[in-house]
Every structure is written in structure tokens, then in C-alpha cells.
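Asks: This is the structure I want to talk about, given as C-alpha cells.
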Amino acid sequence: MASADTSAAPSPAGQPGSPGAPAPAGGASGQARLRRYPDRGLLGGVGAGLAVHLGLDVRVVRFAMASLLVAGGLGAVIYALAWALIPVAPESEGAKRPSGAWREAVLMVLVVAGTLFGLRRAGLLIGDSFVLPLVLGTCGLALFWRPTVTRSGPSAGRLSLSPRALLRRPGQVDLPRLVLGVLLVAFASASLLHALGVLGNLGKALGAVAIVATMLGLLFGPWFARLARSLASERAARIREQERAEVAAHLHDSVLQTLALIQRRAGDPREVAGLARRQERELRRWLFERPGADATESFKTMLERAVAEVEELHGVPVEAVIVGDAPLDARLEALAQAAREAMTNAAKFAGAERVDLYAEVDSARAELFVRDRGVGFDPDAVPPDRRGVRDSIVRRMERHGGHATVRSEPGQGTEVELTLERSRGERALVAMSPVGSS
Amino acid sequence: MSARVVIVDDHRLFRAGVRAELGELVRVVGEAGSVEEAVETIGMCEPDVVLLDVHMPDGGGVEVIRRVCERQPAVRFLALSVSDAAEDVIAVIRAGARGYVTKSISGAELAEAVARVAEGDAVFSPRLAGFVLDAFASEAAGPGLPPAADGELDQLTPREREVLRHIARGYMYKEVAQRLGISVKTVEAHVSAVLRKLQLSSRHELSRWAVERRLVSLDRPAGRRTG
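Residue numbers (the working numbering), protein chains in the order written: chain A, 813 to 1250; chain B, 9 to 235.
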């Protein structure tokens, strides 16, 4: 909104929410582009757009438009063309027209039609036989092209004037409008032809055209069909190629890099195993997880992340089996944190080759076991300064209404059992078979 | 006498690795790298157990099982895979495999699993136990299917569930037996019963999983074999 004409004549106060405050995207080139504001106008927002562009009151513009109607309906032609060709202002895109505007718009169209008719009757209309078809034809064209042309503010400079482009956007196409447009254009052409006095010959001409078209169709139809098909298959091939390239890129970034790392660290089996495992997990996630599925974190994803972190930090594989899932709440979060602590302990102190994690969660309860076949310890003989188990596992579970049991014996490995009764009220809804009745 | 084994996997390197790991513990009598090759090799070698990769071109393990079973119903299959997708694993089990182990298994453990399958028992890795518990979870039955409508085949008994949960926690059959105060044979019987239910159940999720992935065609009921 930095151009001379708008700043010289600031928008009148009669226009609420007038521009100037939000600099629209059109100002990129330093000029106030002509835009429509469908949310402010009655019909297509052309009047409002012109008013903004010229710095006039919108009523002045509307009056000028209406008076141009007298000149053989020129106003309607201009309006229709402007509607078709001027892109919607970015800030008006998607905005709703003021409620009730369509009623006024219909009224306006009726008034315009009535005025034209009245003028014609009064013999005041100039060039009746040519201008009227032109008006109708232009309106038809405007209707026909509008869906494509008015699309999008930023790329509005590029007009895609092909019916294919039009039809390829199913969301944008408005069938009744297209049909109406075509009918209007056809009617306008017919009346023009009539005015020129060639309508009588039209029948023969049409016949000739039909014959030629049929022959051409028979000649070139199959060829066109084949062309279209090969275009489609080419497109499919291109999509496949793109997918392949994406897969290749991903494999390069992940698997090949890891393999290179592994070759360099071949002397350190622990490191190599860790690298391989991390890569495996990463690749698996990429292969099996649906994009967008992990928008919100669940208990399962949090637990899986904890497993990955423990594996990475301590280089001990954790075999995780997780049954069921639930959205995270404070208590499940505490459970996952306690599980992480138990896995860390097992990985750090047990000296086991691997740690097993089993978790089962439903709406009634959550159970979690962390187990190793390591050195084990005597739970009663843990010195009081070793607070890891007591504070971060047992107390944490108890704070959240859960329970933790640590079973261990020297030489027999360790198993930490964490249980959490979830909302008791919901239990009646869940028909779980009784478990844990051994 | 050790079991006669055919290894089916589309990666030659992996087949060589398994062969080396198994060493003298079993007799590897053949290898195959594709579905066609597998059907032919199994027909020729008549092995006791086929170690079968879940993911292969041309239909994968499910297709191999389907085609071999028609002619050689005595051959037993043990699925061996890196796949984490529950529906793939369940589909192979439902097609007739008697167990599923992950490729990270050690040679000795694998040989033990092969021997177990050769005797007609089922082999459940912790992961498979987890999948099965998940698939039979009462809550997952879906809105249109009240759990009460499930037949005997469609749910696990409390004891079976408890056995599976111990397996999922990483206990071996022997340890499970010890903890539950039952014999190893009883544990095996429970696991075999679960496998049978898994293969015969018409339970909503199981079929849906398989059909959605188009691993099992709709017209042919999957898993008509019992052990």
C-alpha cells in the first residue's frame, strides 16, 4: 500500500476495515495491485477493489458502474470481465462475504437486467443487436473462466486458461456455473450470427463441421488416446522415480552412513552393535510408522523412546514388547520414567547381554516388567545411599498410586515389576479376562 | 537325529549366516531364494522344518506355505524375520507357520526352536507373544463386536494368557513352567493351543489384519492346518 494514488487519497471512513493497516502481499512490487475484496463487496468485490485501488468511496464506483449500464450494458461487461480477471486479494481469500450480500447481489442483477430491458424498450440502448449478445457472451465467459482465474492471490499472475487445468481441480469446479457460462456464450454467438444474417447457413456449416470432425476423430482419435495413455504412464513412471529417489536418499543418509561408520569402528564390537541397532530401529520406524501417526505422544511411543535412549547410552540391547497403548497422562508418564530408570539400572549394573521389557496397558491397568539375566543383588543389602531404586522407582510409583516390586537374587538376575491401576471407574466398561491368577 | 532343514530367504548372505550359525546343530539340506525355488527345493529335499523369511518378493512366506501345504502337509514352518509389523507376522502364523523368531536369535536358540518345531510344538518369541496378546486383547475387539460374542476360539484362557505374558517378559519355557508350577509339557500344550486358536479363529482383527495387507486372499480361508 505504498503507491502514490492510494496514499494521496486515503481510504474514506465509510469503508470499515479498509486497507492501509495490513499491508497485503500485493505490495511486494511496491505497487498497489488491483484486487477484489469479495468479503466487502456485494457481488464479486470488484467495486470494493476498484474503490481501494482508486482511493474512492465504494458507492461512487458502484454508481459509475450502474450508469455505464446505459451505454449498451457496458457496465455489466466491464464488471463481468473484472470479476473474471482480477484476482482476489490475499487477505480476502477464504473470507466469507458479508451475510445477506447475496440477496442484495441477486437484487442488483435483477435491477440490471430490468434496466437493460427497460432501456431497450425505450429505444435508448445503443447498438442493441451487437452489444447485448456481447454482454451476454462476456458474462458467460466470465462465469466459465472464473474458477481458474480467481484462484489464489500470490500466483494469480499466471492464468491457467485450459479446461483441463480447470477440471483437474475438482474442489474448485462449480458445474452449474460452467454450464450456465457455456449456455450464455452459445446463446450470444447464436444471436450475433443471427444479427449478421448468417444463421440460415449455419445448419449446413454445422453439418460440414460435424462430418469433418468425425473423420478427424476417426483418424486421430486412437492416436490421441494412445498419447494420453502414454502421458499417464509417463507420469506414473515419474512418480515412481521420485519415490525411488526419495528411498535412495533416505538409505544414503541413514544406512550407508552407518555402514561406513561400522567399517571404521570394526575393532569395537560393542560400538558396532550399538550403531547397527540404532540404525535398525531408525529404519524400522521409517518403514512401518505412518507419517502423522505420532502427532501426539502415547504411552507406547514414550516408552519406545526411553528404550532407544537407554540402548544408546549404555550400549545394551533392550528387547521391548509392548501390548496395548493409551494416551499419556501424568501417571503413565511416571510409569514410563520409572521403567526408564529400571532399564538404566539393568543396563548399567547387571552386566547382562540384554534387557527384556514387557509392558501391557489397557484402560483398567498398566503393568510393566523390566528383566535382566545379570549378576543380580540382594535387595535388602542395598546401602541407603544408593537411592536410585528407592527414589526414582519405588517412591515414584507410590506417589502416583502405583506399586513397584524388585525381585533379585545374586546370580539370578533382576526383575522389576511396576503396576498401576488406572481409572477404577472405567473398569466396568472393560471386559478383561482375569489375569495374574497363578 | 537332528532335524533336516531348508532355509528360504531372498538374501544369500543371510542364508549363509544362518547356515554357519546353525553349524552342526541341524542338517541344512537345502536353500532357496525365491518362492518358486522354495517350492521346488522343498519338494525335492522333503525337510522336516523350513526356516522361512516373512518378507520375500512374489508373495513372501505366506505364498510358500500355501503352495507347499497342498502337496506336503507334513512339512513344518518356522518364520524368521526382522519384520516388526504385527500383521505380517500374524498372517504367516495364520497361513500355517508354527512359530516366529526374530533374526537376532542366537544359533543355539535357533537350533532349539527348530527341534521344537520339528516335534510339532509351537515356538513363540517374546515379540510374537506380545503380538498375540495384542491381537486377542478384549479391548481391541472394535465397536461393532462385543467381546461376549467371541467363541471359544476367539479368546485365550487366563492360563494361556499368563503363559504368553511370561514368554513376552523374556522367560524361557522352562522358566515359565517353574514360575507357574506346571511342567514344561503343559507350557508347550498351552502354547500349541494358542497357536491353534490363532490359526483357526475367525476373530475380527486377525482376518482384518491379513486382508488389509492383502497377504491372504478373501476367498481362501487362511490357516486350515492344525498340528
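Backbone N, C-alpha and C define an ideal beta-carbon position, used for all residues, glycine too.
Closer than 9 Å, CB to CB, is D1141(A) near chain B or not?
Replies: Cβ-Cβ to chain B under 9 Å: no for D1141(A).
Asks: What in chain B is Cβ-close to I1134(A), meaning under 9 Å?
Replies: Result: G138, D142.
Asks: Which residues, in chain order, does the region 115-136 of chain B contribute to contact with chain A at a C-beta distance below 8 Å?
Replies: Those would be P134, R135, in chain order.
Asks: Does the CB of G152(B) have a neighbour CB from chain A at under 9 Å?
Replies: Residue placement at G152(B) is poorly supported in this model, since its pLDDT is 41, which falls under 50; the coordinates still yield a value, given next. No, G152(B) lies away from the interface with chain A (no Cβ there is under 9 Å from its Cβ).
Asks: Smallest Cα separation from V1119(A): which of A1151(A), L893(A), D1065(A)?
Replies: Taking only the C-alpha atoms, the option nearest V1119(A) is A1151(A).
Asks: For P899(A), which of L946(A), L922(A), T1217(A), L862(A) has the nearest alpha-carbon?
Replies: It is L862(A) whose Cα lies nearest to the Cα of P899(A).
Asks: Just checking, does the region 10-23 of chain B make contact with the region 1172-1187 of chain A on the three C-beta pairs under 8 Å criterion?
Replies: Verdict: no, contact absent.
Asks: If we cut at 9 Å on Cβ distances, does R1183(A) have a partner in chain B?
Replies: Judged by the 9 Å Cβ criterion, R1183(A) is in contact with chain B.
Asks: Using 8 Å for Cβ pairs, my map puts V858(A) next to R871(A). What's the rounded Cβ distance?
Replies: The pair is not a contact, with the Cβ atoms about 14 Å apart (cut-off 8 Å).
Asks: What residues are listed by DSSP as bridge partners for A1171(A)?
Replies: A1171(A) pairs with I1134(A), L1180(A).
Asks: Grouping DSSP H, G and I as helix and E and B as strand, with all else coil, what is D851(A)?
Replies: Residue state, collapsed to three classes: coil.
Asks: DSSP has P1139(A) in a bridge; who is on the other side?
Replies: Its beta-bridge partners are S1110(A).
Asks: According to DSSP, is A145(B) part of a helix, a strand, or is it coil?
Replies: A145(B): coil per DSSP, three-state reduction.
Asks: Buried or exposed for F929(A), please, with buried defined as at least 16 other CB atoms from any protein chain shown within 10 angstroms of its CB.
Replies: Its Cβ having fewer than 16 others within 10 Å, F929(A) is exposed.
Asks: Are the beta-carbon atoms belonging to G1127(A) and R1166(A) less than 9 Å from one another?
Replies: No, the pair does not count as a contact, with Cβ atoms beyond the cut-off.
Asks: Judging by CA-CA distance, which residue of R1097(A), G1225(A), R1076(A) is the nearest neighbour of A1154(A)?
Replies: Minimum Cα distance to A1154(A) is reached at G1225(A).
Asks: With 9 Å as the threshold, decide whether the Cβ of E1172(A) is near any Cβ in chain B.
Replies: Chain B contact via Cβ: present.
Asks: Answer with yes or no whether the minimum CB distance from E1083(A) to chain B is below 9 Å.
Replies: No - not a single Cβ of chain B is within 9 Å of the one on E1083(A).
Asks: Take the Cβ of V76(B) as the centre, count every other Cβ of all protein chains shown within 10 Å, and call the residue buried at 16 or more, exposed below.
Replies: Buried, since its Cβ has 16 or more Cβ neighbours within 10 Å.
Asks: DSSP three-state label for I98(B), please.
Replies: Note: I98(B) maps to helix in three-state DSSP.
Asks: Excluding sequence positions up to five away, which residues of its chain have a Cβ less than 6 Å from the Cβ of L1004(A)?
Replies: Within the same chain, L1004(A) has close Cβ partners P945.
Asks: Shorter than 9 Å from the beta carbon of E1227(A) to some beta carbon of chain B?
Replies: With 9 Å as the cut-off, E1227(A) counts as an interface residue toward chain B.
Asks: Could you check if I98(B) is buried or exposed, using at least 16 other CB atoms within 10 Å of its CB as the buried criterion?
Replies: I98(B) should be labelled buried.
Asks: So is P55(B) buried or exposed if we call it buried at 16+ other beta carbons inside 10 Å?
Replies: P55(B) comes out buried.
Asks: Could you name the residues of chain B that F1161(A) contacts, counting a contact when the two beta carbons are closer than 9 Å?
Replies: In chain order: nothing, as chain B lies at least about 18 Å away.
Asks: By how many angstroms is the C-alpha of S1220(A) removed from the C-alpha of V100(B)?
Replies: Taking the straight line joining both Cα atoms gives about 38 Å.
Asks: Give the residues of chain B in contact with D1168(A), contact being defined as C-beta atoms less than 7 Å apart.
Replies: Ordered by position in chain B, the residues that pass the 7 Å Cβ test against D1168(A) are P134, R177, G178.
Asks: Determine the DSSP secondary structure at D61(B), reduced to helix, strand or coil.
Replies: It is a strand residue.
Asks: Please confirm whether P850(A) has its beta-carbon closer than 9 Å to some beta-carbon of chain B.
Replies: No, P850(A) lies away from the interface with chain B (no Cβ there is under 9 Å from its Cβ).
Asks: Given that A93(B) touches chain A, what residues does it touch there, using C-beta distances under 7 Å?
Replies: Chain A residues near A93(B): F1100.
Asks: Could you name the residues of the same chain whose beta carbon sits closer than 6 Å to that of E1179(A), not counting the 5 residues immediately before and after it, in chain order?
Replies: Correct list, in chain order: E1172, T1231.
Asks: Exposed or buried, K1112(A), counting other C-beta atoms within 10 Å across all chains shown (16 or more means buried)?
Replies: Buried, since its Cβ has 16 or more Cβ neighbours within 10 Å.
Asks: Going along chain A, which residues have a C-beta under 8 Å from A145(B)?
Replies: Neighbours of A145(B) on chain A, chain order: V1135, G1136, D1174.
Asks: Could you check the C-alpha separation between S133(B) and R1077(A) for me, to the nearest Å?
Replies: Going from the Cα of S133(B) to the Cα of R1077(A) covers about 31 Å.
Asks: Need the endpoints of the beta strand (DSSP E) that S1220(A) sits in, please.
Replies: Unbroken beta strand (DSSP E) run through S1220(A): 1214-1220.
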